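Some notes on the structure that comes next.
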Amino acid sequence: MKAYLLQTLKELALLGALRERVEISSLELAKQLQTSQQTASRYLLELDEEHLIKREHGIKKQLIMITSEGAHHLEAEFIDYQHIFSLKEEIVFVGTVISGLGEGTYYTSQKGYLEQFKKKLGFTPYPGTFNVRIDPVERNKLRLLKNFGKGVDIESFESNKRTFGSVSCFLGEVDGIEGAIVMPKRSHYSEIIEFISPIYVRGRLNIKDGAPIEIRIYLEETLPEEPLR
858 MKAYLLQTLK ELALLGALRE RVEISSLELA KQLQTSQQTA SRYLLELDEE HLIKREHGIK
918 KQLIMITSEG AHHLEAEFID YQHIFSLKEE IVFVGTVISG LGEGTYYTSQ KGYLEQFKKK
978 LGFTPYPGTF NVRIDPVERN KLRLLKNFGK GVDIESFESN KRTFGSVSCF LGEVDGIEGA
1038 IVMPKRSHYS EIIEFISPIY VRGRLNIKDG APIEIRIYLE ETLPEEPLR
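Quick note: the sequence shown uses the numbering used here, first residue 858, plus one each step.
Here it is in structure tokens:
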């Protein structure tokens, strides 16, 4: 199956389309897939033509349900990932380096996060995040990691009358530099992975935007015996 159709099926399944008809517009689906409304409409048409979904046109939105054939493809994909996770101790994300907007520095410098990072992860991160853009289909690995991986929970807190949300951290490394990826608990799965480390990763690797990179995430919660330096 084409990767983009499988991704669309997964997004529909997450909305409940395996169990019942879900009401959704092509614009809403486009936002979920991070693509254009025209492209999302084309994906739905292809899924319909291949009998992977059933859809009815409402006044403003569509009623969509995944067929048994569509469910079969999802089940096969799930079994493949179960096999991957049962055999490997790590999962690898492949992507390209990108620059952030400076928000990582702001958030990683908050005392409420810093204290928990040091206590729970064993290190104080260098200000900012090392950002990697992954392929859209790689977001499925993020979903499985969040559901089945052994992450470290960083709790929400309030500071200066503002609430900072809780995040999940998963320990790993980038080209031998140890650290962790940070995943906000209440956000959609993004194509951007944010990696924190006690080391200035971009400077240590002397790497520029657009360069290919791999992030290795440990599936077991293996906190270091000694603080990372």
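The C-beta atom is built at its ideal place from N, Cα and C for all residues, glycine as well.
As the structure is a computational prediction, the values presented were derived from the model and not from experiment.
Only exposed fits Gln891, as fewer than 16 other CB atoms lie within 10 angstroms of its CB.
Listed as beta-bridge partners of Lys1065 by DSSP are no residues whatsoever. The continuous alpha helix (DSSP H) containing Ala887 extends over residues Ser883 to Leu890. Secondary structure note for Ala1037: its beta strand (DSSP E) is the uninterrupted segment Ile1034 to Pro1041. When only Cα atoms are considered, Met858 and Glu947 end up about 26 angstroms apart. When DSSP states are grouped into helix, strand and coil, Glu1048 belongs to the coil group.
Take Val994, set aside five residues on each side of it, and the residues of its chain with a beta-carbon closer than 7 angstroms to its own are Ala860 and Gln864, in chain order.
When the Cα atoms are used, Gln967 and Lys1065 turn out to be separated by approximately 27 angstroms. Annotation for Ser898: Ser883 place their beta carbon closer than 6 angstroms to its own, counting only its chain and skipping 5 residues before and after. Counting of Cβ neighbours within 10 angstroms places Tyr963 among the exposed residues, the total staying below 16. Leu866 has its alpha-carbon roughly 11 angstroms from the corresponding atom of Leu886.
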